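**Q**
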Amino acid sequence: MAEQFIESTLMDGYVGGPHITETQTGLANQGLYGPDDYVLSAGRKAEAQILTNNSIRIFDAVFVIQGRRDVIAANDYTDVSIDNGAQGMNRNDIIVRRYTKDESSEIENTEYAVIKGTPTSGEAEDPAVTIGDIRSGALEHEMKLYRVKLEGLNIVAVEPLFQVLMDMSTINKYLSDMSSLELDESMFAIESFWTVMEFNAYKIGKTVYFNGEFLYTGQPGNLQPEVLYQLNKKSNDEIIRPKNISHLSMCATDMEYKNPVPGFAMITAEGLIKYSMPGKTQPYMFISGTYETN
207 MAEQFIESTL MDGYVGGPHI TETQTGLANQ GLYGPDDYVL SAGRKAEAQI
257 LTNNSIRIFD AVFVIQGRRD VIAANDYTDV SIDNGAQGMN RNDIIVRRYT
307 KDESSEIENT EYAVIKGTPT SGEAEDPAVT IGDIRSGALE HEMKLYRVKL
357 EGLNIVAVEP LFQVLMDMST INKYLSDMSS LELDESMFAI ESFWTVMEFN
407 AYKIGKTVYF NGEFLYTGQP GNLQPEVLYQ LNKKSNDEII RPKNISHLSM
457 CATDMEYKNP VPGFAMITAE GLIKYSMPGK TQPYMFISGT YETN
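For the sequence shown, the numbering used here assigns the number 207 to the initial residue and increments by one for each residue that follows.
Spelled out as structure tokens, the structure:
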């Protein structure tokens, strides 16, 4: 004898018998995945293959249709039929994953369907699809999958219209790659005749953010205008080396931070920061900028 269904708001707990409804699951999934329609990053992700001008094969996928998970088995596929095109005419059809609910029995179902567009000798437009709010009790909703473009008798393109959600392992890797890494000034091996007054550098993903203030303490007269110098020695830290030569912003001032002059600065693929000052040299140098690493 089947256990009596129990009304409960507690999905993840034992309440003495069956108690989880499709409405609860759908709402919980909306909170987890989002309120719209998605394909999850599993299997072939509803990949489409043109078989003929009248048939398109759609491979396995995990759909989430406004919170309703709809799973096509691994290695399974469905061949969707497309009506013939017409010579000299253009048409857009939309392949959808259609959700329906029987009002009397409340049985829900999903299937593939093709919404046929209107043929035209000009630029084809997409046909309208049914957009319902399942959360509010809609009896039909159509998730757009592909736009099938026909020119004459031929299918010329099958364009995806759905969003694929990243899985958690991919998201974690992405966030790890985007974590901030503080870079120590020693990594840049600044030449001893430049005293580091201020230094701030960090790396997010593959991008380095560099900002430094340097005071020249070398021999007077050794710093000449229109000469390309190196701020640092070659660094052994590959994580700071640019993918390509990158230009940085640079200016210099006197000891009172006055009379600024613009300059030229760049960082080479070996991590060497090179600079020059036009016409007049100043003891304080400021270099900042961003660049991409490998």
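Glycine is no exception: its CB is placed at the ideal position from the N, C-alpha and C atoms.
Since this is a predicted model, take the numbers as computed values, not measurements.
(1) How far does the beta strand (DSSP E) with D276 in it reach, from first residue to last?
(2) Mapping the DSSP letters down to three states, classify A267 as helix, strand or coil.
(3) Our contact map puts V335 next to I300 with C-beta atoms below 8 Å; I'd like the distance itself, whole angstroms only.
(4) Assign E404 to one of two classes, buried (16 or more other C-beta atoms within 10 Å of its C-beta) or exposed (fewer than that).
(5) Could you tell me the alpha carbon to alpha carbon distance between M207 and G223, rounded to whole angstroms?
(6) Quick one: using the 10 Å Cβ neighbour count with 16 as the cut-off for buried, is V402 buried or exposed?
(7) If you check the beta carbons only, do L421 and M491 fall under 9 Å apart?
(8) Considering only the alpha carbon of each residue, which of D460, A475, F416 and Y408 lies closest to L454?
(9) In terms of residues, what are the limits of the alpha helix (DSSP H) holding L233?
(10) For K440, which residues in the same chain have their Cβ closer than 8 Å to its Cβ, ignoring the five residues on either side in sequence?
(11) When the distance is taken between beta carbons, is I451 closer than 9 Å to K409?
(12) Please name the residue in L389, Y463 and M384 whose C-alpha comes closest to that of E419.
(13) Give the straight-line distance between the Cα atoms of Q430 and S385, rounded to the nearest whole angstrom.
(14) Quick check on T376: does DSSP put it in helix, strand or coil?
(15) Let me check understanding here. Comparing Cα to Cα, which of R263, E397, S342 and M295 lies closest to N281?
**A** This is what the structure gives:
(1) First-last of the beta strand (DSSP E) with D276: R274 to V277.
(2) coil
(3) 6 Å
(4) exposed
(5) Residue placement at M207 is poorly supported in this model, since its pLDDT is 47, which falls under 50; the coordinates still yield a value, given next. CA-to-CA, the gap between M207 and G223 works out to about 12 Å.
(6) exposed
(7) yes
(8) F416
(9) E228 to Y239
(10) Same-chain partners within the cutoff: A395, E476, G477 and L478.
(11) Contact flag unset, no.
(12) Y463
(13) 41 Å
(14) helix
(15) R263
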